[in-house]
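Visitor:
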RNA sequence: GGAGAGAUGGCCGAGCUGGCUGAAGGCGCUCGCCUGCUAAGCGAGUGUGGGGGUAACACUCCACCGAGGGUUCGAAUCCCUCUCUCUCCGCCA
């Protein structure tokens, strides 16, 4: 959520920012409601003041045994008016809130202006796509041949777009989770968190999934609970409605969770393999920081995520999302894309964003400096470090051998019990 | 699932026979004083959000005692609903 005062005072700037996103918002209604809101508030507060003063007077008079009927009757009317005004105020406020919660974040100045994903500039590249002297297979073909992935049976158990791993495949997934968590906690200074995988609607609103993107979520039948689409939701909401001490900041959390996404509207895209599933595993990085440091923290976060790919020796590139491709809550986002040989292109494996105070304002996460008056909103950031299923896919494809086996990256072998390659029957 | 108890400021903890209680007291914290020594004592201050106001302060008004409703001239205090916590019983990985 943006700051109401800021939107009021910078209406044209906000309008322009939204246009860059390709999002035409109705700010006139906002402007109108907002002005009305203050009028209603003024009027109601004046009456409340009158009521407070007179009620006290009535109390005193009663003690002295005086008759208060006239005043009481008068105040009955005042209270009635207050009630009317307050309900109008509430209505008005919920109208404003509904506009505000649907407004996306304003892109940072360093976010390039562009219409869609074709205009995302490449920031850097690491490694070289491998040269195969044979036609590289897709990860789902490799996985099926090695009998470590089984999409048919997964479909039987549940439906399309669910994964089922066996043997070395299941172990590879688990090894990656541990590998990532160990690096982030042991070397990058993150605190490991294991949060609930189901959250309430307030948490979903706090991070921006609700109210606008409910169709992307799995909702638990007959409740206000949702399956998490990313650990970002429970982990960011750890500090919802809290005032942190400045000395605590920055706070770094990392969490492994499964993620559940309905993938509404993605029919026909990536129908095969591990790229786009209703359920997948992810190790997430989440930060709460002071506003003045948040862009340095974004660079560090990106590096922390990249480090995993570097250790796994997987070729990747980093892009900056342009305004037209930027997510709803983000001010700036880097995507890390890993090379997928069977597709001959880079595919997203991590998304690292600075949300500035957008989520903090929704979720009411502030900090206080001792000795100083008032509070400020923290800046929140998060990034995948990394999406585990897609990492498995990248390893299978990049490390495949001509004989159909898969070489396990050196750094990961200790996590695989010393296994060096995945071959049929392992 | 059944029975009961509770939720107050950064923390502990009064108030809960309705009326200067935004909230006693204590702890903590900040500033000052004192003390020749990392202690003790003394004094003052110390919530959040919003409206008005100011160059910025000051100042002023409104709201907030788990959340949301209700009763009343007036509610932390009475009533209802919900959420959470605790105790006992049952069930259970």
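Numbering (the numbering used here), first residue to last: 137 to 562. Backbone N, C-alpha and C fix where the C-beta goes; we use that ideal spot for every residue, glycine too.
Hey, residue 436 and residue 247: beta-carbon distance below 8 Å or not?
Guide: No.
Visitor: State the Cα-Cα distance for the pair residue 303 and residue 260, rounded to the nearest angstrom.
Guide: Using only the alpha carbons, I get a separation of about 36 Å.
Visitor: Under 8 Å by Cβ, that's how I've got residue 475 and residue 534 pegged, so tell me the actual separation to the nearest angstrom.
Guide: Correct: roughly 6 Å between the Cβ atoms.
Visitor: Does residue 357 pass the burial test, meaning 16 or more other C-beta atoms within 10 Å, or should it be called exposed?
Guide: Exposed: under 16 other Cβ atoms inside 10 Å.
Visitor: State the DSSP-derived secondary structure class of residue 233, mapped to helix, strand or coil.
Guide: In the structure shown, residue 233 sits in a helix (DSSP, three-state: H, G or I).
Visitor: What residue from 173, 491, 421 and 561 has the CA that sits closest to residue 325's CA?
Guide: Considering only alpha carbons, the answer is 421.
Visitor: Are there three or more Cβ pairs, one per stretch, closer than 8 Å when the stretch 530 to 546 is compared with the stretch 510 to 520?
Guide: Verdict: no, contact absent.
Visitor: Going by DSSP, which residues form a beta bridge with residue 394?
Guide: 417, per the DSSP bridge assignment.
Visitor: Let me know the beta strand (DSSP E) ranges lying completely inside the stretch 270 to 336, each 3 residues or longer, listed in chain order.
Guide: List check, beta strand (DSSP E) in window: 327 to 329 and 334 to 336.
Visitor: From the DSSP output, read off the bridge partner residues of residue 523.
Guide: Beta-bridge pairing links residue 523 to 418.
Visitor: CA-CA distance, residue 179 and residue 233?
Guide: About 21 Å.
Visitor: Taking C-alpha atoms, which residue in 229, 524 and 465 lies nearest to residue 415?
Guide: Taking only the C-alpha atoms, the option nearest residue 415 is 524.
Visitor: So is residue 403 buried or exposed if we call it buried at 16+ other beta carbons inside 10 Å?
Guide: So residue 403 ends up on the exposed side.
Visitor: Label residue 150 either buried or exposed according to how many other C-beta atoms from any shown protein chain fall within 10 Å of its C-beta, with 16 as the threshold for buried.
Guide: Looking at its Cβ environment, which holds 16 or more other Cβ atoms inside 10 Å, residue 150 is buried.
Visitor: Does DSSP put residue 215 in a helix, a strand or coil?
Guide: In this structure, residue 215 counts as helix in the three-state DSSP scheme.
Visitor: Tell me whether residue 504 sits in a helix, a strand or coil according to DSSP, three-state version.
Guide: If DSSP states are grouped into helix, strand and coil, residue 504 belongs with the strands.
Visitor: Identify the residues that DSSP records as bridge partners of residue 261: which are they?
Guide: Note: residue 261 sits in a beta bridge opposite 453.
Visitor: For residue 588, tell me which candidate among 162, 185 and 225 has the shortest Cα-Cα distance.
Guide: Any answer about residue 588 is impossible in this case: the structure gives the chain only from 137 up to 562.
Visitor: Which residues in the same chain as residue 169 place their Cβ atom closer than 7 Å to its Cβ, once the five residues preceding and following it in sequence are excluded?
Guide: Excluding residues within five positions, the ones whose Cβ falls inside 7 Å are 228, 231 and 232.
Visitor: Assign residue 364 to one of two classes, buried (16 or more other C-beta atoms within 10 Å of its C-beta) or exposed (fewer than that).
Guide: That one is buried.
Visitor: Does DSSP put residue 488 in a helix, in a strand, or in coil?
Guide: The answer is strand: DSSP assigns residue 488 an E or B state.
Visitor: Between the C-alpha atoms of residue 472 and residue 429, what's the straight-line distance to the nearest angstrom?
Guide: In a straight line, the C-alpha of residue 472 is about 22 Å away from that of residue 429.
Visitor: Would you kindly report the start and end of the unbroken beta strand (DSSP E) that includes residue 469?
Guide: That run of the beta strand (DSSP E) goes 468 to 476.
Visitor: Whether or not the stretch 206 to 224 and the stretch 178 to 195 are in contact is what I'm after, with contact meaning three or more pairs of Cβ atoms, one per stretch, closer than 8 Å; do they touch?
Guide: Yes: at least three Cβ pairs fall under 8 Å.
Visitor: With DSSP as the reference, label residue 425 as helix, strand or coil.
Guide: Strand.
Visitor: Buried or exposed: which applies to residue 432, given that a residue is buried once 16 or more other Cβ atoms fall within 10 Å of its Cβ?
Guide: So residue 432 counts as exposed.
Visitor: Taking 8 Å as the cut-off, does the stretch 488 to 504 touch the stretch 369 to 379 (at least 3 CB pairs, one atom from each stretch)?
Guide: Verdict: yes, contact present.
Visitor: Give the DSSP bridge partners of residue 515, in chain order.
Guide: Partner(s): 425.
Visitor: With burial defined as no fewer than 16 other Cβ atoms inside 10 Å of the residue's Cβ, what is the status of residue 393: buried or exposed?
Guide: By the 10 Å Cβ count, residue 393 comes out buried.
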